[in-house]
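The next block holds one structure in the form of structure tokens; read it before the comments.
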Ligand SMILES: Cc1cc2nc3c(=O)[nH]c(=O)nc-3n(C[C@H](O)[C@H](O)[C@H](O)COP(=O)(O)OP(=O)(O)OC[C@H]3O[C@@H](n4cnc5c(N)ncnc54)[C@H](O)[C@@H]3O)c2cc1C
Ligand code: FES
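Structure below.
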């Protein structure tokens, strides 16, 4: 993990989003798909906490070597400020943080599913998978066409790309999860990687668990420190042998998790479905299990 003062190289609109490129050679050198950076919003403003963003691209060679790109939606004071950052501004950046996606050793047909700006880290992942001779298919979903992230680049990058929008303004009408059954069938997908809104990740994880398809998801949880200290980002994780559950930190043990291991009902707040006094899993003490690197098993 590196802390660096990084120069803004460019800050452009990309549909409904902003795409910020930083000169960050040391972080770019170490970055892996699924990891994130924490950006400090300059002093003198009322925003104390750093803001976390997935790494969209890390360029280590070529004309723009040593750069990092993030993509963000301006949703509040921190991202509004970032949207106004200009070339040559200097930003305080920590990264790369968190556990990255892991690559399947044997399986070769990969389906990548991105919702909104959640698709951003999947481009970096697609490049790394292709460099390892994997076949990559992608589904991009969004509310409307301006929120479909980089469809033209996606088409160039992967073997097949399907787009869906909730309002039907681009591609298939509906949600990405509506398209999953037919796409898994058609592509013969052996593994699934997903990033986007948590309810979407939950539906994808349930589908994959039912079909026995290994699935890695990059989750978003509120983060205060981003460094493993405060536990703001706790996610309930089922033990590998199903004997109970642990809280794990999305910033250190994640943000990439095996979707089958997250206890979604508790995390996203549908405990009611379990029945009033029912708790199917016991909370486990101790710090033994939370490695959470069993990406390809339940
Ligand atoms: C690992 C990780 C990766 C992320 N990657 C991206 C990315 O690539 N692009 C992007 O646009 N956003 C990303 N986010 C979310 C981003 O960090 C928040 O949108 C940002 O911190 C909001 O800051 P703000 O000051 O603009 O707004 P705030 O006023 O702080 O928040 C505005 C809204 O965003 C929600 N929010 C705030 N922080 C988070 C958070 N950590 N996770 C989820 N929702 C949050 C708040 O509940 C509120 O509704 C990521 C979050 C995490 C944890
Ligand atoms: S954000 Fe502080 S422990 Fe994860």
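Numbering (this note's numbering), first residue to last: 163 to 460.
Note that the Cβ used here is the ideal one computed from N, Cα and C, for glycine as well.
>> Can you tell me whether residue 384 is buried or exposed? The criterion is at least 16 other CB atoms within 10 Å of its CB, across all chains shown.
In response: With fewer than 16 other Cβ atoms inside 10 Å of its own Cβ, residue 384 counts as exposed.
> Closest to residue 370 by CA distance: which of 386, 350, 388 is it?
Replying inline: Between residue 370 and the set 386, 350, 388, the nearest pair of CA atoms involves 350.
> On the three-state DSSP scale, how would you describe residue 198?
Replying inline: Strand, per DSSP.
> In terms of alpha-carbon separation, which member of 237, 378, 284, 245 lies closest to residue 170?
Replying inline: Residue 245 is the option with its Cα nearest to residue 170.
>> Quick check on residue 277: does DSSP put it in helix, strand or coil?
In response: Here residue 277 sits in strand by DSSP.
>> Using a Cβ distance threshold of 8 Å, determine whether the stretch 392-400 contacts the stretch 232-242, with at least three qualifying pairs required.
In response: No: fewer than three Cβ pairs fall under 8 Å.
>> Comparing C-alpha positions only, which one of 387, 428, 285 sits nearest to residue 406?
In response: Nearest option by C-alpha distance: 428.
>> Among 386, 348, 339, 347, whose alpha-carbon lies nearest the alpha-carbon of residue 368?
In response: Cα-wise, what sits closest to residue 368 is 339.
> So does residue 391 have its beta carbon nearer than 7 Å to some heavy atom of ligand 2?
Replying inline: Yes, the beta carbon of residue 391 sits closer than 7 Å to at least one heavy atom of ligand 2.
> Along the chain, where does the beta strand (DSSP E) that runs through residue 546 open and close?
Replying inline: An answer regarding residue 546 cannot be provided, because it is not within the stretch 163 to 460 covered by the chain.
> What whole-angstrom Cβ distance do residue 265 and residue 291 have, given they're in contact under 8 Å?
Replying inline: Correct: roughly 6 Å between the Cβ atoms.
> Cβ-heavy atom distance between residue 385 and ligand 2 below 7 Å?
Replying inline: When distances are taken from the beta-carbon of residue 385 to the heavy atoms of ligand 2, the shortest one is below 7 Å.
>> At a threshold of 7 Å, does residue 382 count as lining ligand 4 (C-beta to nearest heavy atom)?
In response: Ligand 4 is not part of the structure shown, which contains ligand 1 and ligand 2 as its ligands.
>> Taking the beta carbon of residue 278 as the centre, do at least 16 other beta carbons fall within 10 Å, making it buried, or is it exposed?
In response: Result: buried.
> With a cut-off of 8 Å, do at least 3 Cβ pairs link the stretch 340-359 to the stretch 268-278?
Replying inline: Contact between the stretch 340-359 and the stretch 268-278 is present, because at least three Cβ pairs lie under 8 Å.
> Taking Cβ positions only, does residue 221 come closer than 8 Å to chain C?
Replying inline: Judged by its chain identifiers, the structure shown contains no chain C, having just a single protein chain.
> If you count every other CB in all the chains shown that lies within 10 Å of the CB of residue 418, and 16 or more means buried, which is it?
Replying inline: Buried, by the Cβ-count rule.
>> Using a 10 Å radius around the Cβ and a threshold of 16 neighbouring Cβ atoms, would you call residue 346 buried or exposed?
In response: Buried is the call here.
> DSSP puts residue 321 in a beta bridge; with which residues?
Replying inline: Bridge partners of residue 321: none, in fact.
> Should the stretch 178-196 be called in touch with the stretch 212-224, which here means at least 3 C-beta pairs below 8 Å?
Replying inline: Of all C-beta pairs linking the stretch 178-196 to the stretch 212-224, three or more are shorter than 8 Å, placing the two stretches in contact.
>> Relative to the C-alpha of residue 185, which candidate in 163, 200, 195, 255 has its C-alpha closest?
In response: Of the residues 163, 200, 195, 255, the one whose Cα lies closest to the Cα of residue 185 is 255.
> If you count every other CB in all the chains shown that lies within 10 Å of the CB of residue 363, and 16 or more means buried, which is it?
Replying inline: So residue 363 counts as buried.
>> With the cut-off set at 8 Å, would you say residue 179 and residue 235 are in Cβ contact?
In response: Yes, they are a contact pair.
> Which residues in the same chain as residue 458 place their Cβ atom closer than 7 Å to its Cβ, once the five residues preceding and following it in sequence are excluded?
Replying inline: Only weak support is given to the placement of residue 458: the predicted model assigns it a pLDDT of 47, under 50, and the value that follows is read from those uncertain coordinates. The answer, listed in chain order, is 266, 376.
> Hey, residue 330 and residue 323 are a contact pair by Cβ (cut 8 Å); roughly how many whole angstroms apart?
Replying inline: Not really, about 17 Å apart at Cβ, beyond 8 Å.
> Can you tell me the Cα-Cα spacing of residue 196 and residue 360, whole angstroms?
Replying inline: A direct Cα-Cα distance of roughly 15 Å separates residue 196 from residue 360.
>> So residue 341 and residue 321 are supposed to be a Cβ contact under 8 Å. How far apart are they, rounded?
In response: At roughly 16 Å, the Cβ-Cβ gap does not stay under 8 Å, so residue 341 and residue 321 are not in contact.
> Taking the runs of the alpha helix (DSSP H) that are 4 residues or longer, which of them lie wholly in the stretch 232-269?
Replying inline: You should have 239-245.
> What three-state label does DSSP hand residue 306 in the structure shown?
Replying inline: In the three-state reduction of the DSSP assignment, residue 306 falls in the coil class.
> What separation, rounded to the nearest whole angstrom, lies between the Cα atoms of residue 358 and residue 431?
Replying inline: Distance from the CA of residue 358 to the CA of residue 431, rounded to the nearest whole angstrom, comes to 18 Å.
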